[in-house]
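There are 2 protein chains.
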Amino acid sequence: MDIATLIDSPSELTDSAGSKTAIVLMTRVRLARNLDRRSFPGWANEQDKAAILETCRAAVASAPAMRRGLNVALADLSDLERQILVERHLISRELSGAKSGAGLVVSRDQAVAVMINEEDHLRIQVLRSGLQLKRAWNTINDLDSNLEERLDFAYSPTLGYLTACPTNLGTAMRASAMMHLPALVIAGQMEKVVRAVNQLGMVVRGLFGEGSDASGSIFQISNQTTLGEAEEEIIKRLGSVLQSIIDHEVNAREKLIESDAGKLFDKIGRAYGILQNSHMLSSSEAMNLLSLVRLGADLGVFPAEQRSIIDRLLIEAQPGHLQHAQRGECDPSQRDLLRAARLRTEFANFGRPEFSPSRNGNN
Amino acid sequence: MDIATLIDSPSELTDSAGSKTAIVLMTRVRLARNLDRRSFPGWANEQDKAAILETCRAAVASAPAMRRGLNVALADLSDLERQILVERHLISRELSGAKSGAGLVVSRDQAVAVMINEEDHLRIQVLRSGLQLKRAWNTINDLDSNLEERLDFAYSPTLGYLTACPTNLGTAMRASAMMHLPALVIAGQMEKVVRAVNQLGMVVRGLFGEGSDASGSIFQISNQTTLGEAEEEIIKRLGSVLQSIIDHEVNAREKLIESDAGKLFDKIGRAYGILQNSHMLSSSEAMNLLSLVRLGADLGVFPAEQRSIIDRLLIEAQPGHLQHAQRGECDPSQRDLLRAARLRTEFANFGRPEFSPSRNGNN
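Protein sequences, first through last, are from chains U and Z. If you use this note's numbering, the first sequence corresponds to residues 25 to 387, in order. If you use this note's numbering, the second sequence corresponds to residues 25 to 387, in order.
Laid out in structure tokens, this is it:
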């Protein structure tokens, strides 16, 4: 598969059909791995990096999970292609800026992505739409075992997997979920949730990880520690934290409807009206409006099956995807016109909202 | 005609069919008159005021223009009824607060209203939709002549008509137009217009006259001076100032479309989308949104015949009318829900916007 085919195929994240819990948009597990006795990417010289890249690309691409997928050197991708990969959460912002020596292997269904020579030699990640922590873990565990047969990983019996940054030592695993928490945001309860989650050893971040903001009321929750706890244990603990956040969000939604349905419906209605009629829309405003309409779909204001349209637009309304659809790069103000035009078209045939407090509560 | 019948009949202002110039919503001429050798209302005792009220009501109600109209003492009107009369520009805010001794006579078509014992014994006014200064002047001139046959007005050969406030001395006439100037507001040119208009001896005020704000980009332009100039001369001079403001507004609209059609269409589209989908709407936000949709109708974004729907809603979305339609008073937050519900219903079948820069320019 080449990059053009990948881009024209839907992202795993737009397939929310299999998701039982709409509040969790996506589950992700990633492992950091490094080749034994080879310099970490930050220390390696160009020649070392090139050799490591070659070894890793060959090993990863031949794993059964990655067959007929994408296998590229980052240097061969345009800026726009890199941006699209970031927007699909297939590569990190750091890797998208890589000049040389970096590579990427993506499975055909876009659920598995392996970054080469990012901070570590290998960053293996599995994405699954909705809440599918165990399934994501099983997939990544199988791939890791497969790679271990052909690559010699840096491993210490006392410290576990060795990584470029000491915070990843041990399991070198980070499991996370991308959650849609509009009611907690509207009710002003996110700060409280973040504190509680931190006390349980988990971290809350914005949509694109560390240092990014939570536009669209979308947050990433992930484990903080990688040392002294088995992978399955971390996955289980994260799962129960996620369930507790889901319960709080559901509760916050019910309270909002009980205490001030008019205000909530007003927000959802206006968001829909603006998406259907605006002529200039920034990326961040679009995310926030789509987020409110998504909440509407959860509450029965819109048919539940329309949620997948919104999930697709949450990705396709972003700058890279938008420019790709227009076959060319353009400046931000031009993008805002294109984004509004695209969303007007998408929402022209979107079902009209039906507000009735009794329809809510199906999460 | 009783007050209930008046309220249930459409205001003269909603009949914009006869108006060639949509930018002028309404033309108004008013005359202040006082009975000779009787104390002004501010000085008169209760007994005097009652006698003046009786004399004036009888004389005005028997004028041909006022036949089968409304003839009431303010004391007999509820707060809500008074508020509705203010919203239709039939009485002033001052008169609506009158406790006793004040009266009102309104013609059957709601184009002529005579306030009794407001600041002067008689405040005679004629309203006409659109730009109809001469027609308004002819109507009021006829009524004034008719009243003069039966009432003895305070008049000085050197000062003209005597009035409670010296600023009205002379003709005691104020002619005004209510203008819709959204493009001048968006382009930030209103301050310049106000200065120029002032230099020509005219005054710019908000929607409800002195001290009110210009929500919905609606302004009142009127003559400042009443002394040393004949009525016809004032009317003529005001007419040419109005025409010049119309030209500036038309020009500002053309420039906005040329320079940034996207931004203008964005404002109009969002206003329409919010009116169609909001669930909470304050009076002032509703005015501003309706104002933008009205601009859209002027520019061909909506069919021109829908402008009369907006003109009606500019009056009916106000607090008094809204509460009357719901058959009872309610608090402001409840009103905001009712207003949004009313506008959702009205806009559900409003034609969808069609944006095309070439359709503009029909003012």
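C-beta atoms are modelled at their ideal positions from N, C-alpha and C, and glycine is treated no differently. What you are looking at is a predicted structure, and each value in this text was computed from that prediction instead of being measured.
> Using Cβ-Cβ distances below 9 angstroms, what residues of the segment 341-373 of chain U are close to chain Z?
Replying inline: Considering only beta carbons, the part of the segment 341-373 of chain U lying closer than 9 angstroms to chain Z consists of Ser357, Asp360, Leu361, Ala364, Arg368 and Ala372, in chain order.
> How many angstroms separate the CA atom of Z:Lys260 from the CA atom of U:Glu340?
Replying inline: If you take the alpha carbons of Z:Lys260 and U:Glu340, they lie about 59 angstroms apart.
> Ends of the beta strand (DSSP E) at Z:Gly352?
Replying inline: The continuous stretches of beta strand (DSSP E) do not include Z:Gly352, and DSSP gives it neither H nor E.
> Along chain Z, which residues have their Cβ under 8 angstroms away from the Cβ of U:Ser302?
Replying inline: The contacting residues are Asp290, Gly293, Arg294 and Gly297.
> According to DSSP, is Z:Asn162 helix, strand or coil?
Replying inline: Taken through DSSP and simplified to helix, strand or coil, Z:Asn162 comes out as helix.
> For Z:Asn69, is the classification buried or exposed, using 16 other Cβ atoms within 10 angstroms of its Cβ as the cut-off for buried?
Replying inline: Z:Asn69 is exposed by the Cβ-count criterion.
> Considering only the beta carbon of each residue, do Z:Gly427 and Z:Pro377 sit closer than 7 angstroms?
Replying inline: Since the displayed chain Z opens at 25 and closes at 387, residue 427 of chain Z lies outside it and no answer follows.
> With a CB to CB cut of under 7 angstroms and the five nearest residues on each side skipped, what residues in its chain are close to U:Glu273?
Replying inline: Its chain contains Ile47, Leu205, Ala207 and Leu208 as the residues whose beta carbon lies nearer than 7 angstroms to that of U:Glu273, once the 5 sequence neighbours on both sides are disregarded; these appear in chain order.
> By Cβ distance, which residues of its chain are closer than 6 angstroms to Z:Gly385, with the 5 residues on each side in sequence left out?
Replying inline: Model confidence at Z:Gly385 stands at a pLDDT of 44, short of 50, so the residue's coordinates are unreliable; what they give is reported in the following sentence. Excluding positions up to five away in sequence, the list is empty.
>> Measuring alpha carbon to alpha carbon, tell me which residue in Z:Ser120, Z:Asn58 and Z:Gln134 is nearest Z:Leu101.
In response: Closest by alpha carbon: Z:Ser120.
> Hey, out of U:Thr249, U:Asp355, U:Leu362 and U:Ile108, whose CA is closest to U:Asn301's CA?
Replying inline: The shortest C-alpha separation from U:Asn301 is found at U:Leu362.
>> In chain order, what are the residue ranges of uninterrupted alpha helix (DSSP H) at least 4 long that sit wholly in the segment 95-125 of chain U?
In response: Within the segment 95-125 of chain U, the complete alpha helix (DSSP H) runs of at least 4 residues are 103-111 and 117-120.
>> Can you tell me whether U:Gln244 is helix, strand or coil according to DSSP?
In response: Looking at U:Gln244 - three-state DSSP - the assignment turns out to be strand.
> Of all the options U:Arg366, U:Glu78 and U:Leu37, which has the alpha carbon lying nearest to the alpha carbon of U:Arg52?
Replying inline: It is U:Leu37.
> Can you list, in chain order, the residues of its chain whose CB lies under 7 angstroms from that of U:His348, leaving out five sequence neighbours each side?
Replying inline: The beta carbon of U:His348 lies closer than 7 angstroms to those of Ile31, Leu104 and Ile108 in the same chain, with the five residues before and after it left out.
>> Given this structure, state the Cα-to-Cα distance separating Z:Phe243 from Z:Arg174, to the nearest angstrom.
In response: About 36 angstroms.
> Which bits of chain Z does U:Gly286 rub up against, with CB to CB less than 9 angstroms?
Replying inline: The contacting residues are His303, Met304, Ser357, Asp360, Leu361 and Ala364.
>> For the pair the segment 160-168 of chain U and the segment 274-281 of chain U, tell me if three or more CB-CB distances fall below 8 angstroms.
In response: With contact defined as three or more Cβ pairs closer than 8 angstroms, the segment 160-168 of chain U and the segment 274-281 of chain U are not in contact.
>> Taking the alpha-carbon of Z:Pro88 as reference, which of Z:Lys73, Z:Val130 and Z:Arg112 has the nearest alpha-carbon?
In response: Nearest option by C-alpha distance: Z:Val130.
> Does the separation of the CB atoms of Z:Met304 and Z:Ala364 fall below 7 angstroms?
Replying inline: Cβ distance < 7 angstroms, so Z:Met304 and Z:Ala364 count as in contact.
> Based on Cα-Cα distance, which residue from Z:Gln248, Z:Ile334 and Z:Asp355 lies nearest to Z:Leu193?
Replying inline: Ranking the options by Cα distance to Z:Leu193, first place goes to Z:Gln248.
> Taking three-plus beta-carbon pairs below 8 angstroms as touching, is the segment 110-127 of chain Z in contact with the segment 136-155 of chain Z?
Replying inline: Short answer: they touch.
> Which residues share a DSSP beta bridge with Z:Ile140?
Replying inline: Bridge partners of Z:Ile140 according to DSSP: Z:Gly127 and Z:Leu146.
> Residues in its own chain within less than 7 angstroms of U:Val84 by CB, not counting five upstream and five downstream?
Replying inline: Only Met90, Val129, Val138 and Leu171 meet the Cβ criterion.
>> Applying the 10 Å Cβ sphere with the 16-neighbour rule, what's the burial state of U:Asp322?
In response: Note on U:Asp322: 16 or more other CB atoms within 10 angstroms of its CB, so buried under the neighbour-count rule.
> Which term fits Z:Lys73, buried or exposed, when burial requires 16 or more other beta carbons within 10 angstroms of its beta carbon?
Replying inline: Residue environment for Z:Lys73: buried (at least 16 other C-beta atoms within 10 angstroms of its C-beta).
>> Assuming U:His204 is part of the beta strand (DSSP E), what are its boundary residues?
In response: Counting along the chain, the beta strand (DSSP E) containing U:His204 begins and ends at Met197 to His204.
>> Using the Cβ count rule (16 or more neighbours within 10 Å means buried), how would you classify Z:Asp60?
In response: Answer is exposed; the Cβ neighbour count stays below 16.
> Just how far apart, CA to CA, sit U:Ile210 and U:Ala75?
Replying inline: The C-alpha of U:Ala75 is placed about 51 angstroms away from the C-alpha of U:Ile210.
> Quick one: Cα of U:Leu316 to Cα of Z:Cys80, how far?
Replying inline: If you take the alpha carbons of U:Leu316 and Z:Cys80, they lie about 60 angstroms apart.
> Which partner residues of Z:Arg180 appear in the DSSP bridge assignment?
Replying inline: Note that residue 180 of chain Z corresponds to Ser in the displayed sequence, not to Arg. In the DSSP output, where bridge partners are listed per residue, Z:Ser180 has Z:Gly184.
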